[in-house]
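Participant: Attaching a single structure in structure tokens format; questions to follow.
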Amino acid sequence: MPDPEIPVISLVDLGIIRNVQWLDDTLEVTVTPTYSGCPATSIINMEIETALHAKGIENLSLKRQIAPPWTTDWMTDTGKAKLESYGIAPPQPAGGPKRCPRCQSSQVEKISQFGSTPCKAQWRCTDCLEPFDYFKCI
Numbered sequence: 312m313p314d315p316e317i318p319v320i321s322l323v324d325l326g327i328i329r330n331v332q333w334l335d336d337t338l339e340v341t342v343t344p345t346y347s348g349c350p351a352t353s354i355i356n357m358e359i360e361t362a363l364h365a366k367g368i369e370n371l372s373l374k375r376q377i378a379p380p381w382t383t384d385w386m387t388d389t390g391k392a393k394l395e396s397y398g399i400a401p402p403q404p405a406g407g408p409k410r411c412p413r414c415q416s417s418q419v420e421k422i423s424q425f426g427s428t429p430c431k432a433q434w435r436c437t438d439c440l441e442p443f444d445y446f447k448c449i
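If you're matching positions, the sequence shown starts at 312 in our numbering and goes up one per residue.
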């Protein structure tokens, strides 16, 4: 299932699906939102329920787990690569993108700490002059 705000990455690659297990005849899915006030949480839950019901899962329990809090460390390498190929610089522990996701130049600058969603910041490449989103390291 894709993330509703960044459809190029799956919920699993984003790292918010923490556990899936059968408890008797009920499938329990544990989800950790990217942050406690994430506006996409209700949409994500609805998409999970819809997809699993379509697969014939009748008894489903969605469990919200906020501790430990989600971190970008939980994103898969595949997910980070998908972000970059989509034009979003993946999170980096050093506080900013290493390179422009479009031209691969390392000449980048921050435009704004705030991007199109709360988990992204706006950056620009000084070589190709294209703006791009950077997925903040959390």
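Don't be surprised by glycine CBs; every beta carbon is placed ideally from N, CA and C.
#1: Going by CA-CA distance only, name the one from Thr-383, Ser-347, Tyr-346, Ser-416 that's closest to Pro-404.
#2: What residue does the alpha helix (DSSP H) around Asp-324 start on, and which one ends it?
#3: Determine the direct distance from the alpha carbon of Thr-428 to that of Pro-442, and round the result to whole angstroms.
#4: Terminal residues of the continuous alpha helix (DSSP H) containing Tyr-397?
#5: Below 8 Å on the Cβ atoms is my contact criterion, and I expect Asp-444 with Met-386 to pass it. Report the Cβ-Cβ distance as a whole number of Å.
#6: Cutting at 7 Å between CB atoms, please list the residues of its own chain near Thr-341, excluding the five before and the five after it.
Facilitator: Short version:
#1: For the purposes of this step, residue 404 is taken as the residue at position 93 of the sequence shown. For Pro-404, the closest C-alpha among the options Thr-383, Ser-347, Tyr-346, Ser-416 is that of Thr-383.
#2: Working through the sequence shown from its first residue, we reach residue 324 at position 13. Boundaries of the alpha helix (DSSP H) harbouring Asp-324: 322-325, taken from the DSSP string.
#3: Residue numbering aside, residue 442 sits at position 131 when the sequence shown is read from its first letter. Residue numbering aside, residue 428 sits at position 117 when the sequence shown is read from its first letter. Pro-442 and Thr-428: Cα-Cα distance of roughly 15 Å.
#4: What you label residue 397 is simply residue 86 of the sequence shown in a count that begins at 1. Counted as a single uninterrupted DSSP element, the alpha helix (DSSP H) harbouring Tyr-397 occupies residues 388-397.
#5: In the sequence shown, the residue the question calls residue 444 occupies position 133. In the sequence shown, the residue the question calls residue 386 occupies position 75. About 15 Å separates the beta carbon of Asp-444 from that of Met-386, a gap too long to meet the 8 Å contact definition.
#6: Taking the sequence shown and counting its residues from 1, the one referred to as residue 341 is at position 30. Scanning its chain for C-beta atoms nearer than 7 Å, with the 5 sequence neighbours on each side dropped, one finds around Thr-341 the residues Arg-329, Asn-330, Lys-374, Gln-376, in chain order.
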